[in-house]
Amino acid sequence: MEKAWWQKSTIYQIYPRSFNDSNGDGIGDLEGIIEKLNYLQLLGIDIIWLSPVYQSPNDDNGYDISNYYDIMSDFGTMDDMERLIEEAKEQDIHIMMDLVINHTSDEHHWFKESRKSKENPYRDYYIWRESESGPPSDITSVFSGSAWEWDERTDEYYFHLFSKKQPDLNLHNPEVREHLYKMMNFWLSKGVSGFRMDVIDLIGKEVDENVLTDGPKLHDYLQEMNEKVLSRYPTVTVGETPSATPETAQLYTGKGRNELDMVFTFQHMSLDERAGEGKWALKELDFTELKKVLSKWQTSLFQKGWNSLYWNNHDQPRIVSRWGNDQEYRIESAKMLATVLHMMQGTPFIYQGEEIGMTNIDWDDITRYRDIETINYYKEKKSEGVPEQEIMQSIRTKGRDNARTPFQWNDDDNGGFTNGVPWIEVNANYHEINALDAMGNQDSIFYHYQKLIALRKRLDIVIYGEYELLLEDHPEIMAYTRTWEEQTLLVVANFYGGNPQFELPEHVDDAHTTLIISNYSDTRERPSEIHTLRPYEAVVYLIEKQPNN
């Protein structure tokens, strides 16, 4: 396998608005991130993925960009951004920008020009259609309602797959692509090390044919982007690709295809959704299906592509509240989930607060929420007569604000996030769950993450080992091996609060074994000595194959 610098790396996502407020206005900022670089260095991460900080009217928390070449005043200035890049580099930390090129804000210069007239030079930068009988098609917006917005100035509809203030760009126009490549080069020349690409599987869409993801030109455009931009720098890239399967991921990440380094899969994130009904239609989590999905991605991309590994991000609820137990076994289950993920092949992503076990919020009042997707969903379901309790249950379970409450630094007011009034409430449990407390306890979730990150750097088997799922049908235990040269890594995890029996598979020889990490302090030194797993217990052993005498 071709070795790349980012394969041993761990990436830490910062949602700037909620990370650390340095000036008391209630909004996290770039200076606040600079203040916490020592914390991130202590954790051991290598790359910061920075959610958008570009100039934006903030309809969708910065994912609606009005100027790609400037910084949103909420976050600071370009000088602050340049200082963040430089000071992070001094700590051996790279910066990965969030690249949003499927759409812009309706306040971007291009769109302001585009809507002036049908003859405007910027008209074809966006997707406009004539229609005298309502929207040109029945495509719906991810944020509820039609994806078409009528514009009275020119009596045509423009297309927006997200908010109506986020018109989709027309990347079939080569001028648009050239402008975007120029912008990417601008940031790479400033010293950023790559991009997380927002909904990148949409850029080849053919709306007249109702083709949104995986359009026929998608991979041509990604290869062109690689040729004109990415290949000229030592970059790291990850594409957000909700539609990707293990098979199509090979197209994005396969050796010699010259597209992206890795993609985000969503298959393991949608296991609590009723098929075809969207993210809010809840169903019980299926543990055996989780094992199957994670394992398929591990085996399908082995030596053919590269995985991204994540449980959390700014769009997902907190994993310890989803697959763990955020009450009685919060610490054990958070460590277990981290262990299972970080011992797989791929580049792990940590979302801010995950490393201290931050949890979902439990708000019943819609006025406390800030996310446009959540608020639009609430309004839509209320108008349909859906009971309030049912709507709020879905929001508490899947709403994006679960991940967006401010980082809990200490047990001061507002969790030490701000001296002012936070833009969104801090989770009320910050007195018990905060970074200061975690760093003062060597047995905390924080130090468990630190050990996992260090193991990835130290052990080649974590990077290159071949994956095999064990106990495939066990209803409580996830176990797998990684094999590389003369070594085997054995990972065993109890996903629940019971005490399941564990039997070591016969083909796993544990005669020469080292216990390398566990979430209990008194774990047995050899896996054959384990007969019963404790609640949410996770153990990892390194088994050395001995030469024949």
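The opening position of the sequence shown corresponds to residue 3 in the numbering used here, with each subsequent residue numbered one higher.
Cβ atoms here follow ideal geometry from the backbone N, Cα and C, with glycine treated the same way.
CB-CB under 7 angstroms to lysine 10, same chain, minus the five flanking residues each way: which ones, in chain order? Result list for lysine 10: Arg458, Lys459, Ile465, in chain order.
Measuring alpha carbon to alpha carbon, tell me which of Val541, Leu101, Ile397 ends up nearest isoleucine 519. Here the closest residue by C-alpha is Val541.
Who are histidine 105's beta bridge partners in DSSP? Asp170
Contacts around alanine 481, its chain only, beta-carbon distance under 6 angstroms, and the 5 residues preceding and following it disregarded: Leu472, Leu473, Val494
Name the DSSP bridge partner or partners of leucine 492? Within the DSSP secondary-structure output, leucine 492 pairs in a beta bridge with Thr483, Tyr543.
For serine 11, does the three-state DSSP call read helix, strand or coil? Serine 11: coil per DSSP, three-state reduction.
What does DSSP give as the partner residue(s) for leucine 273 in the beta ladder? In DSSP, leucine 273 forms no bridge with anything.
Report the start-end ranges of each beta strand (DSSP E) in the region 134 to 214 that is 3 residues or longer and not cut off at the edges. 150 to 153, 158 to 161, 196 to 199
Distance, lysine 5 Cα to glycine 563 Cα: No answer is possible for residue 563: the residues shown for the chain start at 3 and end at 551.
Would you please state the rounded distance, in angstroms, between the beta carbons of leucine 454 and threonine 341? I believe it to be under 8 angstroms. Contact check for leucine 454 and threonine 341: beta-carbon distance about 7 angstroms, within the 8 angstroms limit, so the pair qualifies.
Arginine 131 beta carbon less than 8 angstroms from that of proline 138: yes
Distance check for serine 530 and histidine 578, CA to CA, integer angstroms please. Lying before the first or after the last residue shown, residue 578 is absent from the chain, which here runs from 3 to 551.
Looking at the unbroken alpha helix (DSSP H) that takes in serine 463, where does it start and where does it end? According to the sequence provided, residue 463 is isoleucine. The question's serine does not apply to it. Taken as a continuous stretch (DSSP letters only), the alpha helix (DSSP H) holding isoleucine 463 covers 462 to 466.
If you compare alpha carbons, which of Ser446, Asp48, Thr399, Lys166 is closest to methionine 271? Closest option to methionine 271, Cα to Cα, is Thr399.
Quick one: what's got a C-beta closer than 7 angstroms to methionine 3's C-beta in the same chain, skipping five residues either side? With a pLDDT of only 48 at methionine 3, under the threshold of 50, the placement of this residue in the model should not be trusted; the figure read from the coordinates follows. If we look at methionine 3 and ignore the five residues flanking it on each side, its Cβ neighbours are Gln305, Tyr466.
Test: leucine 471 CB closer than 8 angstroms to a CB of chain C: Any reference to chain C falls outside this structure, which holds one protein chain only.
Rounded to a whole number of angstroms, what is the C-alpha to C-alpha distance between tryptophan 425 and glycine 28? 5 angstroms
Is the number of C-beta pairs between the region 227 to 245 and the region 193 to 203 that are closer than 8 angstroms three or more? Yes: at least three Cβ pairs fall under 8 angstroms.
With 16 as the cutoff for other CB atoms within 10 Å, does asparagine 551 come out buried or exposed? Because the pLDDT of asparagine 551 is 42, which lies under 50, any placement of that residue in the model is unreliable, and the number read from its coordinates should be weighed accordingly. Per the 10 Å Cβ criterion, exposed.
Please report the residue range of the beta strand (DSSP E) in which isoleucine 50 lies. 49 to 52
Reduced DSSP category for methionine 345 - H, G, I as helix; E, B as strand; rest coil: coil
When the distance is taken between beta carbons, is tyrosine 543 closer than 8 angstroms to leucine 461? no
Please go through the region 219 to 301 and give each complete beta strand (DSSP E) segment of 3 or more residues, from N-terminal end onward. 238 to 242, 264 to 266
Reference histidine 111; option with closest CA among Pro59, Thr142, Phe289: Pro59
Taking the alpha carbon of isoleucine 13 as the reference point, which residue from Ser24, Thr79, Glu357 has its own alpha carbon closest? Glu357
Indicate whether phenylalanine 448 and alanine 440 have their beta-carbon atoms separated by less than 8 angstroms. Taking 8 angstroms as the Cβ cut-off, phenylalanine 448 and alanine 440 qualify as a contacting pair.
Can you pull the DSSP bridge partners for glutamine 503? Thr534
May I ask you to verify whether the region 401 to 417 touches the region 341 to 355, counting CB pairs closer than 8 angstroms and requiring at least 3? yes
Name the residue from Leu190, Thr376, Glu539, Leu506 whose alpha carbon lies nearest to the alpha carbon of arginine 528. Leu506
Counting pairs of Cβ atoms below 8 angstroms between the region 162 to 169 and the region 98 to 108, do you hit three or more? These segments touch.
For histidine 96, count neighbouring C-beta atoms within 10 Å of its own C-beta (all shown protein chains included) and say buried if the count is 16 or more, exposed if not. Per the 10 Å Cβ criterion, buried.
Can you give me the C-alpha to C-alpha distance between valine 428 and glutamate 211, rounded to a whole angstrom? If you take the alpha carbons of valine 428 and glutamate 211, they lie about 44 angstroms apart.
In the DSSP assignment, what residue or residues form a beta bridge with leucine 472? Ala481
Buried versus exposed call for glutamate 229 [16 or more other C-beta atoms within 10 Å across all chains shown]: So glutamate 229 counts as exposed.
Can you tell me the Cα-Cα spacing of isoleucine 67 and tyrosine 56, whole angstroms? Isoleucine 67 and tyrosine 56: Cα-Cα distance of roughly 6 angstroms.
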